[in-house]
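In my numbering, the protein residues as written are 402 to 615. Glycine residues also receive a C-beta, built at the ideal position from the N, C-alpha and C atoms.
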């Protein structure tokens with residue numbers, strides 16, 4: 402093969418390789434939410450089997466009964482703590498507000514460099530907790546639940562995915578990003594088990610089905 406054509410072929414291959422690499426960078430998440438790792442699927446199945454099945458009631462619910470956000474560390478409140486934890490290359494000011502960084506929403510694959518466009522989602526929503534047992538808690542217990550950064554209960558996600566979820570349980574909503582569904586339902590069951598919250602029959606059926614595929 403003449404050297405000219407050989408060099409040309411190599412340059413074309415190099416260009417194609419560069420395009421493929423660039424595409425991979427564009428399609429890969431620039432940051433990954435650091436939700437505390439949930440229990441394994443087998444443990445989640447065991448936990449789920451032990452949860453009380455009961456009819457839910459939202460009578461008397463108000464979000465104000467679950468005080469948020471509280472100081473977690475230094476000048477960082479719960480939202481700021483999770484935003485910093487779940488981002489990549491996050492820079493904060495003296496008030497712990499993120500001034501730069503990158504965030505990836507595990508629920509729907511959205512990436513942003515503007516933290517204000519992301520919400521902090523309660524994996525088990527506050528209203529759902531109320532429906533399944535938190536109505537009997539003290540305000541201090543509800544505050545602890547609403548600001549729990551130890552269990553897999555809080556995660557930074559796109560505002561659109563958080564609002565799409567609203568107060569739904571897994572019978573009605575799971576992340577549209579299918580690769581995260583198993584993590585999500587494992588986290589859900591762990592939180593419900595830790596806080597001794599009940600499940601309704603449709604919720605348990607959905608969780609059982611999802612966990613069977615984890």
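CA-to-CA distance, residue j to residue i, given in whole angstroms
i           : j           : result
residue 614 : residue 435 : 23 Å
residue 606 : residue 457 : 15 Å
residue 566 : residue 508 : 10 Å
residue 611 : residue 532 : 22 Å
residue 446 : residue 455 : 18 Å
residue 581 : residue 552 : 17 Å
residue 441 : residue 571 : 18 Å
residue 437 : residue 588 : 9 Å
residue 542 : residue 479 : 16 Å
residue 602 : residue 496 : 44 Å
residue 616 : residue 483 : Residue 616 cannot be examined here, being either before or after the span of the chain that is shown, 402 to 615.
residue 502 : residue 511 : 14 Å
residue 576 : residue 539 : 31 Å
residue 402 : residue 559 : Here residue 402 scores only 44 on pLDDT, less than 50, and its place in the model should not be relied on; the value that follows carries that caveat. Rounded to the nearest angstrom, the two C-alpha atoms are 54 Å apart.
residue 468 : residue 579 : 32 Å
residue 517 : residue 500 : 10 Å
residue 534 : residue 477 : 29 Å
residue 464 : residue 544 : 11 Å
residue 466 : residue 608 : 27 Å
residue 595 : residue 604 : 17 Å
residue 451 : residue 459 : 23 Å
Identified DSSP bridge partners for residue i
i           : result
residue 556 : 522
residue 454 : 600
Residue i burial status per 10 Å Cβ neighbour count (16 or more: buried)
i           : result
residue 513 : buried
residue 515 : exposed
residue 475 : exposed
residue 494 : exposed
residue 584 : buried
residue 492 : exposed
residue 530 : buried
residue 443 : exposed
residue 547 : buried
residue 461 : exposed
residue 549 : buried
residue 528 : buried
Rounded Cβ spacing between residue i and residue j (contact assumed at less than 8 Å)
i           : j           : result
residue 470 : residue 487 : With 8 Å as the limit, residue 470 and residue 487 do not qualify as a contact, their Cβ atoms being about 15 Å apart.
residue 642 : residue 448 : Lying outside 402 to 615, the shown extent of the chain, residue 642 is not represented and no answer is given.
residue 519 : residue 536 : 29 Å between Cβ atoms; not a contact.
residue 597 : residue 563 : Actually they do not touch by this definition, with Cβ atoms about 25 Å apart.
residue 524 : residue 473 : With 8 Å as the limit, residue 524 and residue 473 do not qualify as a contact, their Cβ atoms being about 17 Å apart.
residue 599 : residue 453 : 4 Å
residue 526 : residue 573 : With 8 Å as the limit, residue 526 and residue 573 do not qualify as a contact, their Cβ atoms being about 11 Å apart.
Test: residue i CB closer than 7 Å to a CB of chain C
i           : result
residue 466 : Going by chain labels, chain C is absent from the structure shown, which holds only one protein chain.
Distance cut-off 6 Å: residue i Cβ against heavy atoms of the ligand GDP
i           : result
residue 557 : No copy of the ligand GDP occurs in the structure displayed, which carries no ligand at all.
### Query
Can you list, in chain order, the stretches of the beta strand (DSSP E) that have 3 or more residues and sit fully within the segment 473-530?
489-493, 499-505 and 519-523
### Query
What beta strand (DSSP E) runs, 3 residues minimum, are completely inside the segment 539-597?
555-559
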